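Enquirer:
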Amino acid sequence: MKKKVLQTLFKSSEDIVSGVSLSEELGISRVAVWKHIKSLKAGGIEINSTSRGYSLPNKDDLLFPFCFEKYQDKIHFSPSVSTTMNSAKKMARESLDDFSVIIAQNQTNGRGRLNRKWVSSDGGLWFTLILKPDLPPPLAYILNFAASFSLATALNDLFQIDAKVKWPNDILIKNKKLAGLLSEMETEGDMLKFINIGIGLNVNNDPEQDIPDSVSIKNIIGEHVPRRKIIIKFLNIFEMLYHKINNQTITSQDIILMWKKHTSTIGNYVSIETFGEKFEGLATDVDDSGALLLKTDDGQSKKIIYGDCFYKDNN
Ligand code: BTN
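The sequence shown runs 13 to 327 under the numbering used here.
#1: Specify, as a first and last residue, the run of the beta strand (DSSP E) that T308 falls within.
#2: Since E251 and F111 should fall inside the 8 Å C-beta cutoff, what is the C-beta to C-beta distance between them, to a whole number of angstroms?
#3: Could you work out which residue in S30, I87, D222, C79 is closest to N60 when comparing CA atoms only?
#4: DSSP three-state label for V43, please.
#5: Quick check on DSSP: helix, strand or coil for L21?
#6: Following a CB-centred definition, is F139 positioned closer than 7 Å to any heavy atom of ligand 1?
#7: Which residue spans inside the region 220-251 form an unbroken beta strand (DSSP E) run of at least 3?
#8: Would the region 196-212 count as touching the region 88-104 if we require 3 or more Cβ pairs under 8 Å?
#9: Thinking V227 and G136 are a contact (beta carbons under 8 Å), I'd like their distance in whole angstroms, please.
#10: Taking the alpha helix (DSSP H) that Q312 falls in, what are its first and last residues?
#11: Give the single residue among V177, I87, K189, T308 whose Cα lies nearest to the Cα of W271.
#12: To the nearest angstrom, how far is it from the Cα of N327 to the Cα of I249?
#13: So is the beta-carbon of L34 under 7 Å away from any non-hydrogen atom of ligand 1?
#14: Could you give the uninterrupted runs of the alpha helix (DSSP H) lying entirely in the region 70-151, keeping only those of 4 residues or more?
#15: Nearer than 7 Å: is that true of the beta carbon of R239 relative to any heavy atom of ligand 2?
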């Protein structure tokens, strides 16, 4: 019933919905309505209560499945989880559909690449996309590039913020980290069983407090940002590419080329940390397999297939 109260408030065409009309529509007493509203507020949902009734001040920020028209059957939302990566893995194994999206308001144990902790407080967008494409594992990398390209494109279209992609899968604004992507996959025979792409995007949170050289959209544009709009835009762009990848009407080369048009990595002097190794040099290109090509100070060319990249001038 608590969910129904919220859903009725959300779907109402009136800005303010009176306790009487909520109680009539839902067939419960006004006191019961009031109790559900109190419990929703205690759960972190902003609801304004006045003598005229109740209203949702940040409707566009809600991430419950019923708030997403086109994608509502695909969205799974939880107020708090350990990490959406684990929830998604469990759900993907238990045969949740292709293109499902696991979103959490916050994560208590968010993780980043190379086993780093990922701070995920309220206000950010923390979600994992479950994908079940017909692809062999060596081609899975292309989905990561398609996802980071789609996210940068969505953010630039919505906010004109000049978001850039950084190899392998970060989104930066003015060289500060706005988002990171992490993918995990399982295989069956010689094909992918699933690949889960986790996306952490700083939206209305203040990541600068914990992580130097990071930034949120709110802190760039100076106002609170509705998160649902971002996720819908991203899903629209990514879904189109995903279909093309699945029906082979786009090649890996095309995706890498599109990604390269948005990158700030090529031409930068970088340091790369991979498992146990560190390299420094000029990033000269990203090849069709997604590897970073590096010219080191002693003139050698290196091909790096996995790692974390830091721009030497900035971070
Ligand atoms: C990185 O830059 O190191 C990748 C960060 C990925 C963070 C996201 S938030 C949603 C999903 N759940 C996690 O625990 N991690 C990813």
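Yeah, the Cβ is synthetic: ideal placement off N, Cα and C, and Gly gets one too. These figures come from a predicted structure and were not determined experimentally.
Expert: In short, the structure shows the following:
#1: Within the sequence shown, the letter at position 296 stands for residue 308. Where T308 is concerned, the enclosing beta strand (DSSP E) stretches over 304-308.
#2: As a position in the sequence shown, residue 251 is number 239, starting the count at 1. As a position in the sequence shown, residue 111 is number 99, starting the count at 1. E251 to F111, Cβ: 7 Å. Contact.
#3: What you label residue 60 is simply residue 48 of the sequence shown in a count that begins at 1. Among S30, I87, D222, C79, the Cα nearest to that of N60 belongs to S30.
#4: Taking the first residue of the sequence shown as position 1, residue 43 is located at position 31. Three-state result, V43: helix.
#5: Along the sequence shown, read from residue 1 onward, the residue named residue 21 stands at position 9. Of the three classes helix, strand and coil, the one that applies to L21 here is helix, per DSSP.
#6: Here residue 139 is taken as the residue at index 127 of the sequence shown, counted from 1. Yes, Cβ of F139 sits closer than 7 Å to a heavy atom of ligand 1.
#7: Counting whole runs of 3 or more residues, the region 220-251 contains no beta strand (DSSP E) stretch at all.
#8: The region 196-212, when compared against the region 88-104, does touch it at the 8 Å Cβ threshold.
#9: Taking the sequence shown and counting its residues from 1, one reaches residue 227 at position 215. Taking the sequence shown and counting its residues from 1, one reaches residue 136 at position 124. Their Cβ separation, rounded to whole angstroms, is 12 Å, which puts V227 and G136 out of contact at 8 Å.
#10: Residue numbering aside, residue 312 sits at position 300 when the sequence shown is read from its first letter. Q312 -> no alpha helix (DSSP H), and no H or E assigned at all.
#11: Taking the first residue of the sequence shown as position 1, residue 271 is located at position 259. With distances taken between Cα atoms, W271 lies closest to V177.
#12: Walking along the sequence shown from the start, residue 327 turns up at place 315. Walking along the sequence shown from the start, residue 249 turns up at place 237. Bear in mind that the predicted position of N327 carries a pLDDT of just 43, short of 50, making it too unreliable to give a figure here.
#13: Start at 1 with the first residue of the sequence shown, and residue 34 comes out as number 22. It does not: the Cβ of L34 is nowhere closer than 7 Å to a heavy atom of ligand 1.
#14: Correct list: 96-105.
#15: Judged by which ligands are present, ligand 2 is missing from the structure shown, whose ligands are ligand 1.
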